[in-house]
Each structure stands twice: as C-alpha cells, then as structure tokens.
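Worksheet: one structure, shown below.
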Amino acid sequence: MSQLLRTSVARVLFSVLIGATTGLVLFGVTRLSGRDLFVVTGGIAGAVSVLMFQVYGRAARLTEVTVTVPQFSQLTFIVNDESRQVAWRLFVETVTRVSTQPLKHDDGLIRETLTSLYGLFATTREALKGARPSVPVSGGPTVEYLAITMLNRELRPFLSSWHPRLLAYENATPDGPESAWPDNADCRAELRLVQANLRSYALGFARLAGVKEGQLLIDGAP
C-alpha cells in the first residue's frame, strides 16, 4: 500500500512538474517577438512534422492479413514489422520439423515424431516468451494468439493422449519393435490429421510474416 501511495504521489508530482514547465515555456514564447518568435515557432513546427512522419510511417507498415486455420473459418490480423519477425520465427520452427511432413504408413518412427512435436511445442513457447507482446490493433487477434491456439488445440491434446500410451508400450516391451504396438495404426492416422492442421498454421505464419512462397517452402522442407 505504501509503495502504491509513493508511486501515485510521484506521478502527481511529475505531472505538476511537466505542467509547470510547459506553462513556463508557453509564457516565454508569448513574450517573444521578431526573429526570436519565428525561430521558436519554426522549431516547434519542425518537431511536430517529424512526429507526424513517424506516426504515418508506423501506420504505413501495418498490413491486414487474412488467415484460415482449423477450428476457425477465417481470422483477420493487422501486422507490423515486429509481429512479422515473430511470425517468421514460428514459421521456420514449424516447417523445418516432422510436424508438417507426412509420415507414411510403414515409414519413420512415431517416437521420433513425438519428440519433434515436443520440440516444436518448447521452441514456440520460448519464441513467444522472448518477444514483446503484440499490441492488438482494432481488437483483432495477434500472432501470439495464433501460436497459442496451435499449441493448445493441436499439439497439447495429441501429445497428452498418445505419448503416455506409447511410453507404456515401450516400458512393457523394451525390445519390441514399434510396428508391433497395437495402437500404431490409430496413432499414425491421428498424426496425419494433426500434421495437416499444423501445415495450415505454418501457412498462416508464412502469410503473417509476408512470405510469398510459403507453400513451396513447406513442400520443399526436408
């Protein structure tokens, strides 16, 4: 409570100081005449014009992007340079993993895929933690919203369902091949669905990042 009071008092004092300084400056300006008045007013006009150019520049870098992902018909984002950088990191993390690459019926190991998906979950969370939160524009969603939706609606349910079941089989039959796991086919079928959904999220990140050939990059990823 005392800290809150100190903060409030400090803010009031700071506001009073700014107000008094502003009043003093205005008073001094009103007493100027001739060349000094033109110099001061010209400087103020220049500062205002620079500020307006900066505001306009920031607005000009805002872009409206429409993304289609599972569970949603369409989402409309307003992105700036900072959110594009976050989207690019998430796109790279998503597209360079097994998470977006089909796993054939008799190809690859589910254990490796689950490990890759866990890695995607961890790196996505770290990317979000390391970036400053985006400021929503016009109440629209942010790139963080799209990423967290991918984690909570795609990765988390799949991993929490299938990882314990595969781990139980591995512990019960440490020397048994994964292909003998009774749930192998069912897990692969659900995995293909999750991978298709993750590809949609990856394309969404690509659009938010301004990547023009996102589909080609996904199809060409190893």
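In case it helps, this note's numbering puts the sequence shown at residues 37 to 258.
We put the CB at the ideal spot given by N, CA and C, even for glycine.
Note that the structure is a prediction, hence the values are computed from the model and not measured.
Roughly how many angstroms separate the alpha carbons of residue i and residue j, rounded to a whole number?
i	j	result
Glu-214	Ser-109	37 angstroms
Leu-234	Glu-129	11 angstroms
Leu-150	His-199	7 angstroms
Asp-222	Leu-229	11 angstroms
Asp-117	Lys-165	18 angstroms
Phe-127	Leu-53	48 angstroms
Ile-114	Asn-207	48 angstroms
Asp-219	Thr-185	27 angstroms
Leu-252	Ser-170	28 angstroms
Lys-248	Ile-254	12 angstroms
Ala-167	Val-101	20 angstroms
Tyr-205	Ala-163	33 angstroms
Leu-203	Arg-189	22 angstroms
Gly-246	Pro-210	47 angstroms
Ala-179	Gly-212	Contrary to the premise, residue 179 reads as Val rather than Ala in this sequence. Those two C-alpha atoms are separated by around 43 angstroms.
Trp-217	Ala-232	23 angstroms
Tyr-181	Ala-225	27 angstroms
Pick from the options: whose alpha carbon is nearest that of residue i?
i	options	result
Gly-155	Leu-244, Leu-191 and Ala-216	Leu-191
Ile-146	Ser-236, Gln-251, Arg-201 and Glu-249	Arg-201
Pro-106	Tyr-237, Leu-253 and Gly-246	Tyr-237
Gly-250	Leu-195, Glu-180, Leu-98 and Val-131	Val-131
Glu-148	Ala-245, Leu-227, Ala-232 and Asp-211	Leu-227
Going along the chain, which residues of its own chain have a beta-carbon closer than 8 angstroms to the beta-carbon of residue i, five neighbours each way excluded?
i	result
Leu-311	This structure gives no information on residue 311, because the portion of the chain shown stretches from 37 to 258.
Gly-144	Val-134
Pro-138	Arg-228 and Gln-231
Just curious, the alpha helix (DSSP H) that residue i is in, first and last residue?
i	result
Phe-241	220–245
Thr-102	First-last for Thr-102: 99–103, but that is the beta strand (DSSP E), not the alpha helix (DSSP H).
Pro-193	192–208
Glu-249	No alpha helix (DSSP H) holds Glu-249; DSSP gives it neither H nor E.
Phe-108	That residue, Phe-108, is in no alpha helix (DSSP H); it is neither H nor E in DSSP.
Thr-132	From DSSP, Thr-132 is part of no alpha helix (DSSP H); its letter is neither H nor E.
Arg-161	146–166
Ala-263	Nothing can be reported for residue 263: it is not among the residues displayed for the chain, which extend from 37 to 258.
Leu-182	179–186
So, at 6 angstroms on beta carbons, what are the nonlocal neighbours of residue i in its own chain, with the 5 sequence-adjacent residues on each side left out?
i	result
Val-103	Leu-111, Gly-240 and Arg-243
Phe-194	Val-230
Leu-259	The question about residue 259 has no answer, for the chain in this structure spans 37 to 258.
Using a Cβ-Cβ distance under 8 angstroms, would residue i count as near chain B?
i	result
Tyr-154	This model lacks chain B altogether, as it is built from one protein chain only.
Between which two residues does the beta strand (DSSP E) containing residue i stretch?
i	result
Val-115	111–115
Between residue i and the rest of its own chain, which residues show a CB-CB distance below 7 angstroms, the 5 nearest in sequence each way excluded?
i	result
Ser-197	none
Ala-183	Leu-126, Thr-160 and Leu-164
Pro-177	Leu-111 and Phe-113
- prompt: Counting pairs of beta carbons, one from the region 237–253 and one from the region 113–130, are three or more of them closer than 8 angstroms?
  reply: yes
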